[in-house]
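Below you'll find the structure, written out as structure tokens, and then a few comments.
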Amino acid sequence: MFVSPGFQMERAQYTSYAHHLATWGFTVVLADYTDKGFFADHQMLADDVGTEITWAIAQSNLGVDATKIATAGHSLGGDISMLVAADDTRVTAVVGWDPVDATSPSVAPEKMASMHAAIAVIGETTDGGTSGMPCAPSNENYTQFYAAAHAPAVQMTVKGADHMDWVDDPSCSFCGFCKAGTAAPALARAATNRLTVAWLRRRLLDDTAMDPWLTAPPEIAAGTATVVTK
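Per our numbering, residue 8 is the first one in the sequence shown, and the count goes up by one each step.
Here is the structure:
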């Protein structure tokens, strides 16, 4: 499992996700882009993840199964994860955590038709407006990836969440640039951990016991999220 961070976010902001995935038996590699510069080329970042995949497979002590490779990431990292999945056939599942397809090369819809990886996205609509500088514009957000994805795919919307709820410390200085939501940040993180594990186990391990957690997670009964699938 290869996790990519959001724009100018340190990988430490996603440590909780890595630990949670590891408890389910996944080997997790956390990328860090903070040394790549403010305007890092997205294709370069995606190629770096491809290099990480090659390296991890070659490490016998990690026990990485080359037939069960997945990517995930938040914001910019979600877009990079999708780009990797579009370019690298070794990736068979991908999860976008409020991904934003903001710069070239665009993934949705341009690269989606040729992508064979199964796609899951989870996101919010709080910061999707057109005024000011929204962190997750609606014409570039998670819904665009789902709309262009082939089946199987799943999309979850977390009600009242905001774009920075996906980091471990939403009080970070950069986080204040995004519009604040009404939901507790823990809601998005818990839903994301559940969706990510269920999707990876379903797509990589063919674990059909995960289906109810994808189609009817507890957030639906609680009225805190909506889910669509295809």
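Cβ atoms here follow ideal geometry from the backbone N, Cα and C, with glycine treated the same way.
Beta-carbon separation (whole angstroms), residue i vs residue j, contact threshold 8 Å
i    : j    : result
L83  : G130 : No, L83 and G130 are not in contact; Cβ-Cβ is about 14 Å, not under 8 Å.
A63  : V56  : Their Cβ separation, rounded to whole angstroms, is 10 Å, which puts A63 and V56 out of contact at 8 Å.
Q15  : D176 : No, Q15 and D176 are not in contact; Cβ-Cβ is about 14 Å, not under 8 Å.
D218 : R210 : So it is not a contact: roughly 11 Å between Cβ atoms.
P224 : A198 : 7 Å
Residues near residue i by beta carbon distance below 8 Å, same chain, minus five either side
i    : result
T233 : M163, T164, K166 and I227
D39  : P12, E17 and R18
Counted within 10 angstroms of its Cβ, other Cβ atoms place residue i as buried (16 or more) or exposed
i    : result
E117 : exposed
A7   : Because the chain here runs from 8 to 237, residue 7 falls outside it and cannot be looked at.
D134 : buried
A189 : Correcting the residue identity first, residue 189 is Thr in this sequence and not Ala. That one is exposed.
S88  : buried
D86  : buried
T231 : buried
L37  : buried
P10  : The amino acid at residue 10 is misidentified as Pro; the sequence shows Val. Result: buried.
M51  : exposed
Same chain, Cβ closer than 7 Å to residue i, neighbours up to 5 away in sequence not counted
i    : result
C185 : D134, C142, D169, H170 and M171
M122 : A92 and A93
F181 : Q15
Pair within 7 Å by beta-carbon distance, residue i and residue j
i    : j    : result
T110 : H49  : yes
L69  : T34  : yes
A124 : T99  : yes
V174 : F152 : no
L28  : A53  : no
A156 : M119 : yes
E17  : T41  : yes
A160 : K237 : yes
L221 : A77  : no
Neighbourhood of residue i by C-beta distance below 6 Å, restricted to the same chain and skipping five residues each side
i   : result
W31 : V204
Validate contact between the stretch 190-207 and the stretch 94-105 using beta carbons, cut 8 Å, 3 pairs: yes
Quick one: any contact between the stretch 168-186 and the stretch 138-154, if contact means 3 or more CB pairs under 8 Å? yes
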